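For the sequence shown, counting from 1, position 132 maps to 132 in the UniProt record's numbering; every step adds exactly one.
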Amino acid sequence: MTSKRAAGGQVGEAPALSDPPTRDEKCSTRRIAPMTAERRGKHRAIGPFEVTWSGTSGHRHVRVADFSLSGCFIEDIATPVTGERVTLTLRVPGGSPIEAAGHVAYVNPPLGFAVAFEVDERVASELAAAARRVSQRRR
Numbered sequence: 001m002t003s004k005r006a007a008g009g010q011v012g013e014a015p016a017l018s019d020p021p022t023r024d025e026k027c028s029t030r031r032i033a034p035m036t037a038e039r040r041g042k043h044r045a046i047g048p049f050e051v052t053w054s055g056t057s058g059h060r061h062v063r064v065a066d067f068s069l070s071g072c073f074i075e076d077i078a079t080p081v082t083g084e085r086v087t088l089t090l091r092v093p094g095g096s097p098i099e100a101a102g103h104v105a106y107v108n109p110p111l112g113f114a115v116a117f118e119v120d121e122r123v124a125s126e127l128a129a130a131a132r133r134v135s136q137r138r139r
């Protein structure tokens, strides 16, 4: 039996699913936490969506499976540094591209990395409107 780390670093307890993996954990599949109402929020859009991200470690055109007002997970083999500031241009059908700044919350190689948005009122409004458009199109 292998020991597992706890969110606080204690050995013997399993980590919360929402915790980013540690460097010693093998990540062949994405860890998915249960989508509770407080985690999901009201405005979550299911894609895929085209996104361009740029930061000190590069500039790439990729796709994201979904996004929320608080951030997204970018599926990319590129490995920016945790904490790196990035700029995203999100393209959602039926609207103008949305520019959002954020930082890399954690990296999960080779699957990708999570971005936490630094959302101001304008960006939050644009993301919420885009999420509503997407959900209406799916009906």
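Ideal Cβ placement from N, Cα and C applies to all residues, glycine included. None of the values given here were measured: they were computed from a predicted structure.
Can you tell me where the beta strand (DSSP E) holding residue i begins and where it ends?
i, result
"E75", "G71 to E75"
"A100", "I98 to N108"
"V62", "G58 to S68"
"T82", "No beta strand (DSSP E) contains T82, which DSSP labels as neither H nor E."
"V115", "G112 to F117"
In the DSSP assignment, what are the bridge partners of residue i?
i, result
"G47", "DSSP, once it has assigned bridges, lists no residue as partnering G47."
"G94", "According to DSSP, G94 bridges with nothing at all."
"A124", "Bridge partners of A124: none, in fact."
"S54", "H59 and T87"
Express the C-alpha separation of residue j and residue i in angstroms, rounding to a whole number.
i, j, result
"A116", "E75", "14 Å"
"R133", "V81", "33 Å"
"R31", "S96", "Only weak support is given to the placement of R31: the predicted model assigns it a pLDDT of 40, under 50, and the question is left unresolved by the model."
"L90", "F73", "12 Å"
"R122", "V64", "21 Å"
"D120", "F113", "22 Å"
"S54", "V86", "6 Å"
"R137", "I77", "30 Å"
"A105", "S135", "26 Å"
"H103", "L111", "17 Å"
So residue i packs on residue j, CB below 8 Å; how close in whole Å?
i, j, result
"A101", "E126", "So it is not a contact: roughly 13 Å between Cβ atoms."
"V92", "A45", "7 Å"
"A128", "L69", "6 Å"
Keeping to the same chain, check which residues put their C-beta closer than 6 Å to that of residue i; ignore five residues upstream and five downstream.
i, result
"P109", "T79"
"F67", "A45"
Sorted by chain position, which residues of the same chain lie with C-beta nearer than 7 Å to residue i's C-beta, five sequence neighbours on each side aside?
i, result
"T56", "E84"
"A130", "A45, V92, G95 and I98"
"P48", "R63, V64 and A65"
Who are the Cβ neighbours of residue i in its own chain at under 8 Å, not counting the five residues just before and after it?
i, result
"H61", "E50, V51 and T52"
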